[in-house]
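In what follows, a single structure is set out as structure tokens and then discussed.
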Amino acid sequence: YYESYSDVGLPGVYRGRPPPREEDPYNRERDHYRDRPGRSIESPEYERRSRSLVSPIRSVTDRDYSPEHRVPSPKRVTWKDPVEQQKSQNQEYQAKCHELERELRNLSTEKTRADTLVEDIKHRLIRQEETTVQLRQQNSNLTHDVDQLISVIQTAKLSGKWEIDKIRFRDLTVEQVFGSSQETYSKIHASDSSSDLKEQIRQRDDKIEALQQELRWLRSDSRTVGGELVSDPSELSASKLKSDLTKLEHRVEDLKYEIQSRDHKISSLTAQINDLEAELSVKNSESSNYMQTIKMLQDKGRHTVIESSSSEDVVRQLKSEIVSMREQHTKSAQNVSYFERRICALEGELVECKEHRRKNLDEIGALQEKLREGQLSTHDHHEVLKSELGRRDDMIQKLRRDVLNLQEKRDSVLAESDAAFHKLSKAEDQLLRAGEEVHRMEKRNKALEDEIIHVRGQINEADEEVKTANKKVTKLEGELQFLRGQNDESQGQASEQREIILQLKNEKRDIEEKLQEALSSVQQKEELIKQMKDEIKLTVTKTLETQSKLEETAREHQQLHSRYTAQIKEIDRLQTEIQEKELTASQKETMYRSDMADREEETCRLKIDLNSLHEKLAQSDGQLFSREEHISHLQSQLRESVTEVTTKEEELQRLESELLSANDDRRRLGELLQRREISLQQLEHDLDRAKEKYKDTIEENGRLEARVQAFAINAQSEQDVLSTEVKRKDEGLMRLKMDIVKLQEVCSRYEEKASQAEREAENLKLQLRSCQNENETRRAAVKNLETNVEELKDRNKKQVEDNNRMEDKVRELTIAITTQEAQCEKLKQMVTAKEDLIQKLHEDSESLSRQQKEAINKVLIRDENMQKLNVEIGRFKAKNQEKTKELMDLTIEIAKQSELIKKLQTTLSQNHHDLDELRRRSEQELLRKEETIKHIQEDLLESQTQHSACYNELVKIEEEFDVLKADHSQLSKVNQVSSMEIASLHDQIHQLELDLTITQEKHRTCQKEVSSRDQVILRLQADLDTAQQNYSGSLEELKISEAELKRLSGKLKQLQQEIRENHDSIDSKDNQITEYEKKIQQLQHDEEMALQETSWKNYTETQRR
1 YYESYSDVGL PGVYRGRPPP REEDPYNRER DHYRDRPGRS IESPEYERRS
51 RSLVSPIRSV TDRDYSPEHR VPSPKRVTWK DPVEQQKSQN QEYQAKCHEL
101 ERELRNLSTE KTRADTLVED IKHRLIRQEE TTVQLRQQNS NLTHDVDQLI
151 SVIQTAKLSG KWEIDKIRFR DLTVEQVFGS SQETYSKIHA SDSSSDLKEQ
201 IRQRDDKIEA LQQELRWLRS DSRTVGGELV SDPSELSASK LKSDLTKLEH
251 RVEDLKYEIQ SRDHKISSLT AQINDLEAEL SVKNSESSNY MQTIKMLQDK
301 GRHTVIESSS SEDVVRQLKS EIVSMREQHT KSAQNVSYFE RRICALEGEL
351 VECKEHRRKN LDEIGALQEK LREGQLSTHD HHEVLKSELG RRDDMIQKLR
401 RDVLNLQEKR DSVLAESDAA FHKLSKAEDQ LLRAGEEVHR MEKRNKALED
451 EIIHVRGQIN EADEEVKTAN KKVTKLEGEL QFLRGQNDES QGQASEQREI
501 ILQLKNEKRD IEEKLQEALS SVQQKEELIK QMKDEIKLTV TKTLETQSKL
551 EETAREHQQL HSRYTAQIKE IDRLQTEIQE KELTASQKET MYRSDMADRE
601 EETCRLKIDL NSLHEKLAQS DGQLFSREEH ISHLQSQLRE SVTEVTTKEE
651 ELQRLESELL SANDDRRRLG ELLQRREISL QQLEHDLDRA KEKYKDTIEE
701 NGRLEARVQA FAINAQSEQD VLSTEVKRKD EGLMRLKMDI VKLQEVCSRY
751 EEKASQAERE AENLKLQLRS CQNENETRRA AVKNLETNVE ELKDRNKKQV
801 EDNNRMEDKV RELTIAITTQ EAQCEKLKQM VTAKEDLIQK LHEDSESLSR
851 QQKEAINKVL IRDENMQKLN VEIGRFKAKN QEKTKELMDL TIEIAKQSEL
901 IKKLQTTLSQ NHHDLDELRR RSEQELLRKE ETIKHIQEDL LESQTQHSAC
951 YNELVKIEEE FDVLKADHSQ LSKVNQVSSM EIASLHDQIH QLELDLTITQ
1001 EKHRTCQKEV SSRDQVILRL QADLDTAQQN YSGSLEELKI SEAELKRLSG
1051 KLKQLQQEIR ENHDSIDSKD NQITEYEKKI QQLQHDEEMA LQETSWKNYT
1101 ETQRR
């Protein structure tokens, strides 16, 4: 026995290889055509079927005109024809039984294969459940760790101290989150020292205020006592100090105004961030809509289960046909008994297969429930990923702190960066090799596909479609998993960006509070400048230094402006790309114009805010430098130069990190391009398959039309045969009437043998009754067939309705896919805007941290100045006491002080020379570092150009995808045209059924005429009885009458056989009609599967985007 092959009760589902057919010249011709590459595989089969349809027509015509099938003359009677016809019927019955046995064997093999598939699905589900359990455990551990971190942060905000000893993590470690113990101790110590410094500053401010009051009191006393004696240049210095103080007060007011404006801008930025968070929530709701679409697809799977129930009805029809075959062939009892037993056994196997199939359906339902649980577990996994992203953000902060401590190891980091570039080149080479291997694998796959197509050419069309459907289902499952992973990644990125924005907001708030405290301390300590008489001469030199610093700040401003222009160029590039996308997507213009206008306004507003912030920062920096130069000494300037060097090194490290991130983005884009190329190849392959299926459907439609025409020709030929036979019977009746007239003349001769004729007439009556009974049974069978035809019509109507529903669902899915594509584009734009905002906020936070460090250094310098001032105040008190006693000694002391001032001026000039030399050295180092920064920026520009090229390639791929969509729409239109043709074929079948009913009615009229003629024959037989009573004559004439009676009985038998042949032909035609309807159902199912596959592929490709 060959490997079995048939359906599993589902429409359009086949497994295994088909059994080879019996060798005949038609099969050989098919093999010959299969080996030829130019011809299609199914053309010989089409010729074979057309010949099989034309052969009964030829047989009927040959039978009508051959001498063997002509009506015999009254002198000749043949008995071989009915025997040969009975033998042919028995052979056909045996062939049908063999075909049923093969189908049942195929069913059994397909049942085993379905069992194996169910077991594979169970194993997959078990693996998925294990992975979900592991993910849930990780999720619970990470949520516990995050809760503990939140509690520690809350306590730190309330108390100002980090309590790390009480924390106990499950998955994470303390070093991963907070760093080593030494770093944590240094941080805690730094926080404690900062609080102590704040308290000391407040105490010193109070002391300064008290000393200022005492100095004012002493000045008033000194003026009253020695107003006439003392006329020093100190008064001029006091007036200059007052003018400087007024200027400084104006500057302080300007700074306050700028701080207020910055607060307003920060509030606007927070409002924008809230809007972005609202948009993210909207996009989460859209992801929930995606889940609903997945549920809709699961409902479609259930609909396929309902279609499998319809296949069970088809099996029931087969059983009914088997029963009818049994009733028709009761005469061939010897051969039929064996086959009946075999059929009973096969029916038992069918029942077992149905029960097993029901069990499989139950198991499939359980598997679908498990899949739903897996989706819920994936939702939990999203939360786990969010918590992991928070942990990674903490790790990023720790790494930043480590970068500040590892400034001395910059050279080693540069060497590592060179090694990383080398690794990048190696990785790119590996990617190229992988691409070549992918091309090789694609070539191998194409060769294998060609071989598979050659092998599948030997299999029936239904088997090819089923195998491709199974492959597509597996591909869709893989694509679903890939899309879910992409959805998880996008949500994770969105959560990362949210947390980064929140952290930047908190950092801005802390920095603003520190700036306010520094400004308040500056305002309090600015009053001490009034008492600094000796430092008036140094202000001129320091103003020159401030001018140089202002020039440096202007340069920095120019650099910032250049960066800003580069960002504007990038924004313009993005806008041009958006315009190109708007031109391609003309349908979406109305949706996006409002969004683009709002975003352009937001970008303009952000540009204006950035310009104002940069300008105010430059002004505030200049004012702070000018104020601090009046107070600071040489040590403060040295420290400032060191801090500038550290900041440049930090910028270098930041640029290196940006280089690494750009390279990572480049790799990701390469991977995305490869994935898109693979998806495009799959789509092209699917399009080729769909075109092949369409060609197959067109060929099948042509075959069906040829068969319908042949069926119509057969029906017409049968009607002609029946009409000729009726005419022949009429002629025979006329002859009988003439013979009866002759017999009446010789009636007296036949009276002796009338009894024998009566017996023969009774036998003929019995035969007529048996024929009538057979006709009644066949009429019942015809009625059953009519009921079956009506049921098939109802099923066809239901299938048409189901097709319409599926088309509506496909349209809904296409609309959903378009909306999802638009949402994906919006998300991409939002992500880019947020990344720009994050970069800007990082730059602002870094600048604020620098200002904070500088302010702390300045506070330390001011503390030293405060100590000096306290010493001087003690001296002033002693001097005031001495002035009350000895006013004359004051003049001598003033001269001494002037000499001291001159000495101090000389020392200050020397210090200025030293500072100039140090500045020159620092400037040289800064120039070197700026050159390195320029090199790094050039590398960044190269990476950006590569990124833009990758983006252009993505745009091209999207355009190709649009072209494929257009092709798909054309194919859908072609499928609609084919559905219209199928509907026309249904109408033709309906017309043929009407013709069948008409022929059946004609057959009934013929039977009525035969019965009336039989009555006439009975009357004639009565006349013969009277003639036999009247004429009991010659034996020779009796022999003639007996021969005529035998001829009549032969004609009756021939008529009966012809009636049986007509019924058999009707039955065969009904079977052909059922086969055509089954094939039509298969074609409709295949069309639905193709539509579903195309909709799934569109959906998966939109999610990949």
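Residues 1 to 1105 (UniProt numbering) are what the sequence shown spells out, left to right. For glycine and all other residues, C-beta sits at the position ideal for the given N, C-alpha and C. These figures come from a predicted structure and were not determined experimentally.
Asp299 and Glu119 have their C-alpha atoms spaced approximately 23 angstroms apart.
Here DSSP, grouped into helix, strand and coil, assigns Arg1047 to helix.
Relative to the Cα of Arg805, the nearest Cα in the group Ile153, Leu100 and Gln1092 belongs to Gln1092. Asn952 and Tyr1099 have their alpha carbons spaced roughly 23 angstroms apart.
By the Cβ-count criterion, Asp145 is buried, with 16 or more other Cβ atoms from all chains shown falling within 10 Å of its own Cβ.
In the structure shown, the three-state DSSP call for Phe169 is coil. Burial state of Asp686 is buried, judged by a 10 Å Cβ sphere holding 16 or more other Cβ atoms.
In terms of Cβ geometry, Glu1101 and Phe961 form a close pair [threshold 8 angstroms]. Sorting Glu864, Ala95 and Ile1073 by C-alpha distance to the C-alpha of His990 places Ile1073 at the top. Within a 10 Å sphere around the beta-carbon of Glu812 sit fewer than 16 other beta-carbons, which makes this residue exposed. By the neighbour-count definition (other C-beta atoms within 10 Å, threshold 16), Met1089 is a buried residue. If you draw a straight line from the Cα of Gln559 to the Cα of Lys934, it comes to about 11 angstroms. Check the Cα spacing between Glu1061 and each of Val721, Gln292 and Asn274: the tightest is with Val721. Below 8 angstroms, too few C-beta pairs join the region 963 to 980 and the region 1039 to 1059 to call them touching: fewer than three. Rounded to the nearest whole angstrom, the CA to CA distance from Thr1005 to Lys1078 is 33 angstroms. Measuring C-alpha to C-alpha distances from His1085 to each of Glu801, Glu513 and His422 identifies Glu801 as the nearest. Burial check for Ala95: the Cβ neighbour count within 10 Å stays below 16, so the residue is exposed. It is roughly 45 angstroms from the alpha-carbon of Leu941 to the alpha-carbon of Leu971.
Nearest in C-alpha terms to Asn763, of all of Lys1046, Gln397 and Asp1023, is Lys1046. One alpha carbon belongs to Asp313, the other to Gln829, and they sit about 55 angstroms apart. An exposed status is given to Asn274, since fewer than 16 other beta-carbon atoms sit within 10 Å of its beta-carbon.
Classified as buried, Gln1103 has 16 or more neighbouring CB atoms from the shown chains inside 10 Å of its CB.
Annotation: Thr143 to Lys398 spans about 20 angstroms, alpha carbon to alpha carbon. Between Lys1008 and Ala1022, the alpha-carbon positions lie close to 21 angstroms from each other. Under the 10 Å beta carbon count, Leu1020 is surrounded by 16 or more other beta carbons and is classified as buried. Leu125 and Lys370 do touch by the CB rule: their CB atoms are close to 5 angstroms apart, below 8 angstroms.
For Arg358, same chain residues with a beta-carbon under 7 angstroms away, outside a window of 5 residues either side, do not exist. Comparing alpha-carbon positions, the option among Arg735, Gln260, Gln682 and Ser281 lying closest to Glu513 turns out to be Gln260.
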